[in-house]
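Visitor:
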Amino acid sequence: MKAIFIFHFSLFILHFGALGAPNILFIAIDDMNDWTTLFDKSNPIQTPNIERLAARGMFFSKAYCNSPACNPSRASVLSGVRPSTSGVYGNNSDWKRALSDVTILPQHFKNHGYQTYASGKIFHHHGTEYHKYEAFDDFVEFPARQPDMPMPRNGNLNGIRSWTAPDGKKGPVSRNFDWGVYPRNPDDHIDNRTVDWAIEKIDATKSPFFIATGIFRPHMPFYAPQEWFDQYPLGRLTQPEIKEDDLEDLPDEAKALLHPPGRKFISTFEAEKLRDAYIFDKAIQGYQASASFADYQVGRLLDALDKSGKADNTIIVLWSDHGYHLGEKDHWEKFVLYEKATHIPYIIIAPGYKEGQICHRPVTLVDLYPTLTELCGLPTPEHLEGKSLVPLLKKPKSKWDPALITYQQGNHAVRSDRYRYIKYKNGDEELYDLEEDPNEWTNIAFRKGTAKIMKQHAAWLPTEDTEPIGPTR
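No gaps in the numbering here: position 306 of the sequence shown is 311 in the working numbering, and each next residue is one more.
1) Can you tell me whether Phe214 is buried or exposed, with buried defined as 16 or more other CB within 10 angstroms of its CB?
2) Name the two residues that bound the continuous alpha helix (DSSP H) containing Tyr374.
3) Is the beta carbon of Lys174 within less than 6 Å of some heavy atom of the ligand MN?
4) Do you know how far the Cα of Leu279 is from the Cα of Trp100?
5) Leaving out five residues before and five after Leu383 in sequence, what residues of the same chain have Cβ atoms less than 6 Å from its Cβ?
6) DSSP on Thr369, reduced to helix/strand/coil?
7) For Ala140 and Val395, what's the separation of their Cα atoms in angstroms?
8) Give the secondary structure of Val200 by DSSP, where H, G and I count as helix, E and B as strand, and everything else as coil.
9) Tell me, which residues are paired with Leu436 by DSSP?
10) Since Gly176 sits in a beta bridge, which residues does DSSP pair it with?
11) Should Asp36 go down as buried or exposed, given a rule of 16 or more other Cβ atoms within 10 Å for buried?
12) Are at least three pairs of beta-carbons, each pair with one atom in the stretch 191-202 and one in the stretch 92-111, less than 8 Å apart?
13) What first and last residue would you give for the beta strand (DSSP E) that runs through Leu323?
14) What's the gap between the Cα of Asp326 and the Cα of Pro73?
15) Less than 7 Å between C-beta atoms, sequence neighbours within five positions excluded: which residues of the same chain meet that for Leu307?
16) When the distance is taken between beta carbons, is Ile353 closer than 7 Å to Val322?
17) From what residue to what residue does the alpha helix (DSSP H) around Gln236 run?
18) For the beta strand (DSSP E) containing Ser124, name the first residue and the last one.
19) Could you please give the first and the last residue of the uninterrupted beta strand (DSSP E) stretch that includes Asp143?
20) With Met63 and Cys381 assumed to form a contact (beta carbons below 8 Å), what rounded beta-carbon distance in angstroms separates them?
21) Which residue wins for smallest C-alpha separation from Arg166, given the options Ala80, Phe182, His264 and Gly454?
22) Can you round the beta-carbon distance between Leu410 and Tyr69 to whole angstroms, since I take them to be within the 8 Å contact cut?
23) Taking C-alpha atoms, which residue in Leu331, Gly160, Ser124 and Gly415 lies nearest to Ser179?
24) Could you compute how far the alpha carbon of Ile533 sits from the alpha carbon of Ser403?
25) Helix, strand or coil: which one does DSSP assign to Thr210?
26) Roughly how many whole angstroms lie between the Cα atoms of Ala346 and Ala60?
27) Alpha carbons only, please: which of Ser98, Gly92, Ile220 and Phe274 is nearest the one belonging to Thr479?
28) Note down the Cα distance separating Thr447 from Asp422, rounded to an integer number of angstroms.
29) Which whole-angstrom value is the C-beta distance of Pro238 and Pro27, which I expect to be below 8 Å?
30) Would you identify the three-state DSSP class for Val186, choosing helix, strand or coil?
31) Go to Tyr292, then tell me how far its alpha helix (DSSP H) extends in each direction, as first and last residue.
32) Which residue from Thr471, Phe44 and Glu445 puts its Cα closest to that of Glu246?
33) Of the choices Tyr412, Tyr426, Lys67 and Ile50, whose alpha-carbon is the least far from that of Ala261?
34) Rounded to a whole number of angstroms, what is the C-alpha to C-alpha distance between Ala299 and Asp193?
35) Using 10 angstroms around the beta-carbon of Gln293, count the other beta-carbons present and answer buried if the total reaches 16, otherwise exposed.
36) Kindly indicate which three-state DSSP category His348 falls into: helix, strand or coil?
This is the structure we're talking about:
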(Lines of atoms letter the chains of each structure in order from A and count residues from 1; the text may use other names and numbers.)
(Lines give C-alpha, C1' and ligand atoms only; values in the text may rest on other atoms or scores of the structure.)
Protein backbone atom coordinates (compact mmCIF):
# COMPACT_ATOMS: atom_id res chain seq x y z
CA MET A 1 0.00 0.00 0.00
CA LYS A 2 2.81 2.42 0.90
CA ALA A 3 4.42 1.79 -2.48
CA ILE A 4 1.17 2.72 -4.21
CA PHE A 5 1.06 6.12 -2.51
CA ILE A 6 4.73 6.81 -3.24
CA PHE A 7 4.06 6.00 -6.88
CA HIS A 8 0.95 8.22 -6.86
CA PHE A 9 2.84 11.18 -5.42
CA SER A 10 5.63 10.63 -7.95
CA LEU A 11 3.06 11.00 -10.72
CA PHE A 12 2.01 14.32 -9.17
CA ILE A 13 5.62 15.56 -9.21
CA LEU A 14 6.13 14.40 -12.79
CA HIS A 15 2.84 16.03 -13.81
CA PHE A 16 3.84 19.46 -12.55
CA GLY A 17 7.45 18.99 -13.58
CA ALA A 18 6.33 18.80 -17.19
CA LEU A 19 3.86 21.70 -16.97
CA GLY A 20 5.76 24.02 -14.64
CA ALA A 21 4.74 25.37 -11.25
CA PRO A 22 1.01 24.84 -10.66
CA ASN A 23 -1.45 27.73 -10.73
CA ILE A 24 -3.87 28.30 -7.87
CA LEU A 25 -7.52 29.31 -8.18
CA PHE A 26 -8.57 30.29 -4.67
CA ILE A 27 -12.37 30.58 -4.27
CA ALA A 28 -13.83 32.02 -1.07
CA ILE A 29 -17.59 32.05 -0.43
CA ASP A 30 -19.21 34.12 2.31
CA ASP A 31 -21.65 32.61 4.86
CA MET A 32 -22.37 29.33 3.04
CA ASN A 33 -23.55 26.66 5.47
CA ASP A 34 -24.05 22.89 5.10
CA TRP A 35 -27.71 22.97 3.97
CA THR A 36 -26.70 22.25 0.37
CA THR A 37 -26.84 19.23 -1.90
CA LEU A 38 -23.04 19.05 -1.68
CA PHE A 39 -23.48 17.58 1.81
CA ASP A 40 -26.71 15.65 1.30
CA LYS A 41 -28.75 15.21 -1.87
CA SER A 42 -31.93 15.65 0.19
CA ASN A 43 -30.94 19.17 1.26
CA PRO A 44 -32.91 21.98 -0.39
CA ILE A 45 -30.14 24.29 -1.66
CA GLN A 46 -28.99 23.21 -5.11
CA THR A 47 -25.24 23.49 -5.71
CA PRO A 48 -24.53 21.55 -8.93
CA ASN A 49 -21.40 23.50 -9.83
CA ILE A 50 -19.76 23.09 -6.44
CA GLU A 51 -20.55 19.38 -6.70
CA ARG A 52 -19.01 19.37 -10.18
CA LEU A 53 -15.91 20.86 -8.61
CA ALA A 54 -15.89 18.28 -5.82
CA ALA A 55 -16.01 15.48 -8.38
CA ARG A 56 -12.59 16.60 -9.63
CA GLY A 57 -10.83 16.32 -6.30
CA MET A 58 -11.50 15.89 -2.59
CA PHE A 59 -14.51 17.10 -0.62
CA PHE A 60 -13.91 17.38 3.12
CA SER A 61 -17.28 16.51 4.64
CA LYS A 62 -16.26 17.53 8.17
CA ALA A 63 -14.53 20.83 7.51
CA TYR A 64 -14.78 23.72 9.97
CA CYS A 65 -13.89 27.37 10.16
CA ASN A 66 -11.44 28.45 12.85
CA SER A 67 -13.86 31.15 13.95
CA PRO A 68 -17.55 31.76 13.09
CA ALA A 69 -16.99 35.42 12.16
CA CYS A 70 -15.71 36.84 8.88
CA ASN A 71 -12.59 38.74 9.95
CA PRO A 72 -11.02 36.21 12.35
CA SER A 73 -11.86 33.32 10.04
CA ARG A 74 -10.30 34.92 6.98
CA ALA A 75 -7.31 36.16 8.96
CA SER A 76 -6.64 32.60 10.12
CA VAL A 77 -6.90 31.22 6.58
CA LEU A 78 -4.53 33.74 5.08
CA SER A 79 -2.05 33.91 7.95
CA GLY A 80 -2.08 30.27 9.04
CA VAL A 81 -2.47 31.43 12.65
CA ARG A 82 -5.38 30.53 14.95
CA PRO A 83 -7.46 33.32 16.55
CA SER A 84 -6.43 32.20 20.04
CA THR A 85 -2.81 32.91 19.06
CA SER A 86 -3.26 36.09 17.01
CA GLY A 87 -5.85 37.79 19.23
CA VAL A 88 -8.01 38.48 16.16
CA TYR A 89 -11.43 37.56 17.56
CA GLY A 90 -13.92 39.97 16.01
CA ASN A 91 -14.87 41.61 12.74
CA ASN A 92 -13.31 44.89 13.85
CA SER A 93 -10.08 43.41 15.21
CA ASP A 94 -6.96 44.89 13.61
CA TRP A 95 -5.50 41.83 11.89
CA LYS A 96 -2.69 43.86 10.29
CA ARG A 97 -1.40 44.94 13.69
CA ALA A 98 -1.88 41.50 15.20
CA LEU A 99 -0.11 39.74 12.33
CA SER A 100 2.41 42.40 11.37
CA ASP A 101 5.34 39.96 11.43
CA VAL A 102 3.56 37.24 9.44
CA THR A 103 3.89 36.62 5.71
CA ILE A 104 0.35 35.99 4.53
CA LEU A 105 -0.53 33.29 2.01
CA PRO A 106 -0.70 35.28 -1.27
CA GLN A 107 2.38 37.29 -0.26
CA HIS A 108 4.31 34.05 0.25
CA PHE A 109 3.40 32.90 -3.24
CA LYS A 110 4.25 36.31 -4.71
CA ASN A 111 7.65 36.13 -3.01
CA HIS A 112 8.24 32.85 -4.84
CA GLY A 113 7.47 34.06 -8.33
CA TYR A 114 3.69 33.87 -8.56
CA GLN A 115 1.53 36.57 -10.10
CA THR A 116 -1.12 37.29 -7.48
CA TYR A 117 -4.53 38.80 -8.16
CA ALA A 118 -7.73 39.16 -6.16
CA SER A 119 -11.28 40.38 -6.54
CA GLY A 120 -14.22 40.42 -4.16
CA LYS A 121 -14.12 39.55 -0.49
CA ILE A 122 -10.86 37.82 0.41
CA PHE A 123 -10.00 39.52 3.66
CA HIS A 124 -12.89 41.03 5.60
CA HIS A 125 -14.59 43.80 3.58
CA HIS A 126 -14.03 44.46 -0.12
CA GLY A 127 -12.08 47.73 0.02
CA THR A 128 -8.37 48.10 -0.60
CA GLU A 129 -7.69 49.26 2.97
CA TYR A 130 -7.88 45.61 3.96
CA HIS A 131 -5.76 44.42 1.04
CA LYS A 132 -2.91 46.97 0.86
CA TYR A 133 -0.44 44.45 2.14
CA GLU A 134 1.73 44.09 -0.98
CA ALA A 135 0.27 40.61 -1.27
CA PHE A 136 -1.47 41.16 -4.61
CA ASP A 137 -0.09 42.48 -7.88
CA ASP A 138 -3.58 43.79 -8.54
CA PHE A 139 -6.80 43.90 -6.54
CA VAL A 140 -10.12 45.16 -7.85
CA GLU A 141 -11.83 47.44 -5.36
CA PHE A 142 -15.51 47.50 -4.47
CA PRO A 143 -17.18 49.52 -1.69
CA ALA A 144 -15.90 48.05 1.56
CA ARG A 145 -19.03 47.85 3.70
CA GLN A 146 -21.82 48.02 1.14
CA PRO A 147 -20.55 46.20 -1.95
CA ASP A 148 -24.06 46.22 -3.42
CA MET A 149 -24.01 50.00 -3.70
CA PRO A 150 -26.07 51.73 -4.77
CA MET A 151 -28.57 50.12 -2.42
CA PRO A 152 -32.31 50.15 -3.24
CA ARG A 153 -33.55 53.75 -3.19
CA ASN A 154 -36.75 53.37 -1.18
CA GLY A 155 -35.51 51.38 1.78
CA ASN A 156 -35.27 47.65 2.24
CA LEU A 157 -36.98 45.52 -0.41
CA ASN A 158 -38.50 43.27 2.27
CA GLY A 159 -40.57 46.14 3.67
CA ILE A 160 -38.93 46.05 7.11
CA ARG A 161 -38.44 49.63 8.25
CA SER A 162 -37.20 49.12 11.83
CA TRP A 163 -35.72 46.60 14.23
CA THR A 164 -38.01 45.30 16.94
CA ALA A 165 -36.21 44.37 20.16
CA PRO A 166 -37.47 41.55 22.42
CA ASP A 167 -39.02 44.20 24.69
CA GLY A 168 -40.92 45.72 21.74
CA LYS A 169 -38.75 48.82 21.32
CA LYS A 170 -38.10 50.00 17.76
CA GLY A 171 -34.92 51.23 16.11
CA PRO A 172 -33.35 51.87 12.67
CA VAL A 173 -32.93 48.62 10.75
CA SER A 174 -29.72 47.64 8.98
CA ARG A 175 -29.72 47.97 5.20
CA ASN A 176 -28.08 44.54 5.11
CA PHE A 177 -31.13 42.91 6.72
CA ASP A 178 -32.84 42.60 3.37
CA TRP A 179 -33.65 40.17 0.56
CA GLY A 180 -35.16 40.25 -2.89
CA VAL A 181 -34.47 40.50 -6.62
CA TYR A 182 -31.75 43.13 -7.00
CA PRO A 183 -30.13 44.82 -8.88
CA ARG A 184 -32.44 45.30 -11.85
CA ASN A 185 -29.68 44.35 -14.30
CA PRO A 186 -28.15 41.01 -13.21
CA ASP A 187 -24.83 41.99 -14.81
CA ASP A 188 -24.49 44.70 -12.15
CA HIS A 189 -24.54 42.22 -9.27
CA ILE A 190 -21.41 42.41 -7.13
CA ASP A 191 -20.59 38.73 -7.69
CA ASN A 192 -20.97 38.96 -11.45
CA ARG A 193 -18.48 41.82 -11.50
CA THR A 194 -16.10 39.99 -9.17
CA VAL A 195 -16.09 36.85 -11.29
CA ASP A 196 -15.93 38.78 -14.59
CA TRP A 197 -12.66 40.33 -13.42
CA ALA A 198 -11.27 36.98 -12.26
CA ILE A 199 -12.11 35.38 -15.60
CA GLU A 200 -10.21 38.13 -17.40
CA LYS A 201 -7.18 37.39 -15.24
CA ILE A 202 -7.45 33.63 -15.82
CA ASP A 203 -7.44 34.24 -19.58
CA ALA A 204 -4.68 36.85 -19.64
CA THR A 205 -2.23 35.73 -16.97
CA LYS A 206 0.73 33.50 -17.69
CA SER A 207 1.63 30.76 -15.24
CA PRO A 208 2.20 30.51 -12.41
CA PHE A 209 -0.67 32.55 -10.98
CA PHE A 210 -2.52 32.80 -7.68
CA ILE A 211 -5.99 34.18 -8.41
CA ALA A 212 -8.25 34.72 -5.41
CA THR A 213 -11.97 35.27 -5.98
CA GLY A 214 -14.24 36.23 -3.10
CA ILE A 215 -17.92 35.53 -3.80
CA PHE A 216 -20.07 37.67 -1.49
CA ARG A 217 -23.32 35.69 -1.54
CA PRO A 218 -25.03 34.20 0.39
CA HIS A 219 -23.99 36.96 2.84
CA MET A 220 -26.80 39.39 3.63
CA PRO A 221 -28.47 41.22 2.00
CA PHE A 222 -29.85 38.23 0.13
CA TYR A 223 -29.90 39.82 -3.34
CA ALA A 224 -29.94 37.64 -6.45
CA PRO A 225 -31.49 37.70 -9.94
CA GLN A 226 -35.07 36.51 -10.40
CA GLU A 227 -34.23 33.09 -11.85
CA TRP A 228 -32.58 32.01 -8.61
CA PHE A 229 -35.57 33.06 -6.53
CA ASP A 230 -37.74 31.10 -8.98
CA GLN A 231 -35.86 27.92 -8.02
CA TYR A 232 -37.36 28.15 -4.52
CA PRO A 233 -41.10 28.94 -4.73
CA LEU A 234 -42.58 29.92 -1.38
CA GLY A 235 -45.31 27.31 -1.58
CA ARG A 236 -42.77 24.46 -1.75
CA LEU A 237 -40.07 25.88 0.49
CA THR A 238 -38.13 23.56 2.80
CA GLN A 239 -37.81 25.00 6.30
CA PRO A 240 -34.87 24.60 8.70
CA GLU A 241 -35.31 22.05 11.47
CA ILE A 242 -36.02 24.11 14.59
CA LYS A 243 -36.78 22.73 18.06
CA GLU A 244 -38.95 25.05 20.12
CA ASP A 245 -37.36 24.39 23.53
CA ASP A 246 -33.83 23.98 22.21
CA LEU A 247 -32.25 26.42 24.67
CA GLU A 248 -33.53 24.80 27.87
CA ASP A 249 -30.45 22.63 28.47
CA LEU A 250 -27.89 25.31 27.57
CA PRO A 251 -25.60 27.09 30.04
CA ASP A 252 -25.90 30.84 30.54
CA GLU A 253 -22.83 31.73 28.48
CA ALA A 254 -24.23 29.84 25.49
CA LYS A 255 -27.52 31.74 25.73
CA ALA A 256 -25.63 35.02 25.97
CA LEU A 257 -23.90 34.35 22.63
CA LEU A 258 -27.14 33.21 21.00
CA HIS A 259 -28.93 36.37 22.16
CA PRO A 260 -26.29 39.13 22.36
CA PRO A 261 -27.26 42.77 22.94
CA GLY A 262 -28.15 44.55 19.74
CA ARG A 263 -28.93 41.42 17.68
CA LYS A 264 -32.65 41.64 17.03
CA PHE A 265 -33.20 39.29 14.09
CA ILE A 266 -35.54 36.74 15.67
CA SER A 267 -37.62 39.32 17.57
CA THR A 268 -37.95 41.39 14.40
CA PHE A 269 -39.20 38.37 12.46
CA GLU A 270 -41.84 37.75 15.13
CA ALA A 271 -43.00 41.37 15.05
CA GLU A 272 -43.07 41.56 11.24
CA LYS A 273 -45.31 38.47 10.96
CA LEU A 274 -48.22 40.77 11.85
CA ARG A 275 -47.52 42.66 8.63
CA ASP A 276 -46.42 39.74 6.44
CA ALA A 277 -47.19 36.19 7.58
CA TYR A 278 -44.55 34.83 5.19
CA ILE A 279 -41.71 37.15 6.18
CA PHE A 280 -39.55 34.35 7.65
CA ASP A 281 -40.21 32.10 4.63
CA LYS A 282 -39.12 34.91 2.32
CA ALA A 283 -35.88 35.33 4.24
CA ILE A 284 -35.18 31.59 3.93
CA GLN A 285 -36.00 31.81 0.23
CA GLY A 286 -33.53 34.69 -0.07
CA TYR A 287 -30.73 32.69 1.54
CA GLN A 288 -31.40 29.68 -0.67
CA ALA A 289 -31.52 31.80 -3.83
CA SER A 290 -28.33 33.62 -2.87
CA ALA A 291 -26.48 30.38 -2.16
CA SER A 292 -27.46 28.92 -5.53
CA PHE A 293 -26.44 32.17 -7.21
CA ALA A 294 -23.02 31.82 -5.56
CA ASP A 295 -22.87 28.28 -6.93
CA TYR A 296 -23.58 29.66 -10.41
CA GLN A 297 -20.55 31.93 -10.07
CA VAL A 298 -18.40 28.93 -9.15
CA GLY A 299 -19.58 27.30 -12.37
CA ARG A 300 -18.56 30.36 -14.38
CA LEU A 301 -15.05 30.21 -12.90
CA LEU A 302 -14.72 26.51 -13.59
CA ASP A 303 -15.93 26.90 -17.18
CA ALA A 304 -13.49 29.75 -17.77
CA LEU A 305 -10.58 27.77 -16.37
CA ASP A 306 -11.43 24.79 -18.58
CA LYS A 307 -11.77 27.02 -21.63
CA SER A 308 -8.40 28.65 -20.92
CA GLY A 309 -6.57 25.34 -21.25
CA LYS A 310 -4.92 25.85 -17.85
CA ALA A 311 -7.04 23.49 -15.74
CA ASP A 312 -4.61 20.58 -15.96
CA ASN A 313 -1.97 22.67 -14.22
CA THR A 314 -4.19 24.44 -11.68
CA ILE A 315 -4.89 23.64 -8.05
CA ILE A 316 -8.40 24.75 -7.07
CA VAL A 317 -9.52 25.35 -3.51
CA LEU A 318 -13.04 26.33 -2.45
CA TRP A 319 -14.04 27.25 1.08
CA SER A 320 -16.54 29.29 3.05
CA ASP A 321 -15.46 31.50 5.94
CA HIS A 322 -18.12 29.95 8.23
CA GLY A 323 -21.63 28.55 8.26
CA TYR A 324 -24.95 30.23 9.06
CA HIS A 325 -27.93 29.79 11.39
CA LEU A 326 -31.38 30.29 9.90
CA GLY A 327 -33.38 30.17 13.12
CA GLU A 328 -31.82 27.03 14.60
CA LYS A 329 -31.31 27.45 18.35
CA ASP A 330 -33.37 30.64 18.12
CA HIS A 331 -30.47 32.30 16.31
CA TRP A 332 -29.80 34.09 13.03
CA GLU A 333 -26.37 34.57 11.39
CA LYS A 334 -23.19 33.05 12.87
CA PHE A 335 -21.14 34.13 15.96
CA VAL A 336 -21.73 30.90 17.93
CA LEU A 337 -19.87 27.59 18.23
CA TYR A 338 -22.47 25.12 16.94
CA GLU A 339 -22.42 22.94 13.83
CA LYS A 340 -24.58 25.25 11.72
CA ALA A 341 -22.31 28.24 12.34
CA THR A 342 -19.02 26.41 11.83
CA HIS A 343 -19.53 23.57 9.31
CA ILE A 344 -18.40 24.64 5.84
CA PRO A 345 -17.89 23.50 2.24
CA TYR A 346 -14.20 22.78 1.67
CA ILE A 347 -12.82 21.30 -1.55
CA ILE A 348 -9.29 20.82 -2.87
CA ILE A 349 -8.50 19.79 -6.45
CA ALA A 350 -4.86 18.92 -7.04
CA PRO A 351 -4.02 17.56 -10.50
CA GLY A 352 -2.35 14.20 -10.22
CA TYR A 353 -4.42 13.17 -7.22
CA LYS A 354 -7.44 10.90 -7.32
CA GLU A 355 -10.73 12.50 -8.31
CA GLY A 356 -14.09 12.14 -6.59
CA GLN A 357 -12.76 11.51 -3.10
CA ILE A 358 -14.56 12.31 0.16
CA CYS A 359 -12.66 12.69 3.42
CA HIS A 360 -14.66 12.39 6.66
CA ARG A 361 -11.88 13.49 9.00
CA PRO A 362 -12.39 16.83 10.83
CA VAL A 363 -10.21 19.55 9.30
CA THR A 364 -10.07 23.35 9.53
CA LEU A 365 -9.22 26.31 7.35
CA VAL A 366 -5.91 26.99 9.10
CA ASP A 367 -4.69 23.82 7.35
CA LEU A 368 -5.00 25.42 3.91
CA TYR A 369 -1.78 27.48 3.93
CA PRO A 370 0.59 24.54 4.63
CA THR A 371 -1.37 22.35 2.21
CA LEU A 372 -0.81 24.74 -0.68
CA THR A 373 2.86 25.28 0.06
CA GLU A 374 3.44 21.52 0.09
CA LEU A 375 1.45 20.94 -3.10
CA CYS A 376 3.43 23.64 -4.89
CA GLY A 377 6.80 22.65 -3.51
CA LEU A 378 7.34 25.96 -1.71
CA PRO A 379 8.98 26.41 1.69
CA THR A 380 6.49 26.20 4.55
CA PRO A 381 6.80 29.15 6.97
CA GLU A 382 7.61 28.16 10.53
CA HIS A 383 4.79 30.21 12.06
CA LEU A 384 1.99 28.08 10.57
CA GLU A 385 -0.26 26.33 13.11
CA GLY A 386 -2.21 24.14 10.71
CA LYS A 387 -1.28 20.77 9.26
CA SER A 388 -0.89 20.06 5.57
CA LEU A 389 -3.83 18.06 4.27
CA VAL A 390 -1.69 16.30 1.68
CA PRO A 391 -1.63 13.08 3.77
CA LEU A 392 -5.44 13.05 3.57
CA LEU A 393 -5.37 13.73 -0.17
CA LYS A 394 -3.30 10.57 -0.45
CA LYS A 395 -5.12 8.51 2.17
CA PRO A 396 -8.50 9.95 3.28
CA LYS A 397 -8.86 7.60 6.25
CA SER A 398 -5.57 8.62 7.88
CA LYS A 399 -5.71 9.29 11.60
CA TRP A 400 -6.27 13.01 12.22
CA ASP A 401 -6.60 15.46 15.08
CA PRO A 402 -9.96 17.07 15.99
CA ALA A 403 -10.88 20.51 14.66
CA LEU A 404 -10.44 23.50 16.99
CA ILE A 405 -12.83 26.45 16.68
CA THR A 406 -12.74 29.74 18.62
CA TYR A 407 -15.23 32.56 19.02
CA GLN A 408 -14.10 35.57 21.03
CA GLN A 409 -11.46 35.18 23.71
CA GLY A 410 -11.74 32.01 25.78
CA ASN A 411 -14.68 30.34 24.01
CA HIS A 412 -13.74 27.19 22.10
CA ALA A 413 -15.25 24.14 20.42
CA VAL A 414 -13.52 20.86 19.67
CA ARG A 415 -15.07 18.81 16.85
CA SER A 416 -13.92 15.20 16.66
CA ASP A 417 -15.20 12.46 14.36
CA ARG A 418 -18.27 11.97 16.57
CA TYR A 419 -18.56 14.70 19.20
CA ARG A 420 -18.66 18.45 19.62
CA TYR A 421 -17.32 19.72 22.94
CA ILE A 422 -17.71 23.40 23.84
CA LYS A 423 -16.09 25.22 26.71
CA TYR A 424 -16.74 28.89 27.45
CA LYS A 425 -14.51 31.43 29.15
CA ASN A 426 -16.52 31.17 32.39
CA GLY A 427 -16.13 27.36 32.51
CA ASP A 428 -19.57 26.45 31.13
CA GLU A 429 -19.52 23.31 28.97
CA GLU A 430 -21.60 21.52 26.35
CA LEU A 431 -21.23 18.12 24.68
CA TYR A 432 -23.11 16.74 21.68
CA ASP A 433 -23.07 13.32 20.07
CA LEU A 434 -23.36 14.21 16.39
CA GLU A 435 -23.98 10.62 15.31
CA GLU A 436 -27.08 10.35 17.50
CA ASP A 437 -28.01 14.03 17.54
CA PRO A 438 -26.94 15.80 14.31
CA ASN A 439 -29.05 18.87 15.15
CA GLU A 440 -27.35 19.31 18.54
CA TRP A 441 -30.68 19.35 20.36
CA THR A 442 -29.50 17.49 23.46
CA ASN A 443 -26.60 18.71 25.58
CA ILE A 444 -25.16 15.56 27.20
CA ALA A 445 -22.45 17.29 29.23
CA PHE A 446 -22.28 15.81 32.74
CA ARG A 447 -24.49 12.88 31.90
CA LYS A 448 -23.34 9.54 33.23
CA GLY A 449 -20.47 8.17 31.17
CA THR A 450 -19.48 11.44 29.46
CA ALA A 451 -16.76 12.66 31.85
CA LYS A 452 -14.02 10.76 30.03
CA ILE A 453 -15.18 12.04 26.63
CA MET A 454 -15.18 15.64 27.87
CA LYS A 455 -11.72 15.26 29.38
CA GLN A 456 -10.35 13.81 26.15
CA HIS A 457 -11.74 16.69 24.12
CA ALA A 458 -10.67 19.35 26.63
CA ALA A 459 -7.08 18.21 26.09
CA TRP A 460 -7.24 19.77 22.60
CA LEU A 461 -8.12 23.26 23.86
CA PRO A 462 -5.48 25.98 23.38
CA THR A 463 -3.15 26.45 26.33
CA GLU A 464 -3.41 30.24 26.15
CA ASP A 465 -5.78 32.86 24.80
CA THR A 466 -4.03 35.96 23.50
CA GLU A 467 -5.52 39.27 24.59
CA PRO A 468 -7.86 40.73 21.95
CA ILE A 469 -6.38 43.03 19.31
CA GLY A 470 -9.20 45.54 19.00
CA PRO A 471 -12.97 44.91 19.40
CA THR A 472 -14.19 41.32 19.73
CA ARG A 473 -17.40 41.82 17.68
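We put the beta carbon where it would ideally sit given N, CA and C, even for glycine. What you are looking at is a predicted structure, and each value in this text was computed from that prediction instead of being measured.
Guide: With the given structure in hand:
1) buried
2) Leu373 to Cys381
3) Judged by which ligands are present, the structure shown has none, so any question about the ligand MN falls away.
4) 43 Å
5) His117
6) strand
7) Cα to Cα, Ala140 sits roughly 25 Å from Val395.
8) It is helical.
9) Tyr426
10) Trp168
11) Here Asp36 is buried, its C-beta having at least 16 other C-beta atoms within 10 Å.
12) no
13) Thr319 to Ser325
14) 7 Å
15) Excluding sequence neighbours, Leu307 sits near Asn54, Arg57 and Leu58.
16) Yes, Cβ-Cβ distance for Val322 and Ile353 is below 7 Å.
17) From DSSP, Gln236 is part of no alpha helix (DSSP H); its letter is neither H nor E.
18) Gln120 to Gly125
19) Asp143 to Val145
20) Not really, about 17 Å apart at Cβ, beyond 8 Å.
21) Phe182
22) Residue 410 is actually Ile in this sequence, not Leu. That pair is a contact at about 6 Å.
23) Gly160
24) Not covered by the structure: residue 533. The range shown for the chain is 6 to 478.
25) Thr210 falls in the coil class under three-state DSSP.
26) 25 Å
27) Residue 479 is absent from the model: the chain starts at 6 and stops at 478.
28) 18 Å
29) The beta-carbon distance between Pro238 and Pro27, rounded to whole angstroms, is 43 Å. This is too long to meet the 8 Å contact definition.
30) Strand, per DSSP.
31) Residues Ile284 to Ser313.
32) Glu445
33) Tyr412
34) Their backbone Cα atoms lie some 15 Å apart in a straight line.
35) Buried.
36) strand
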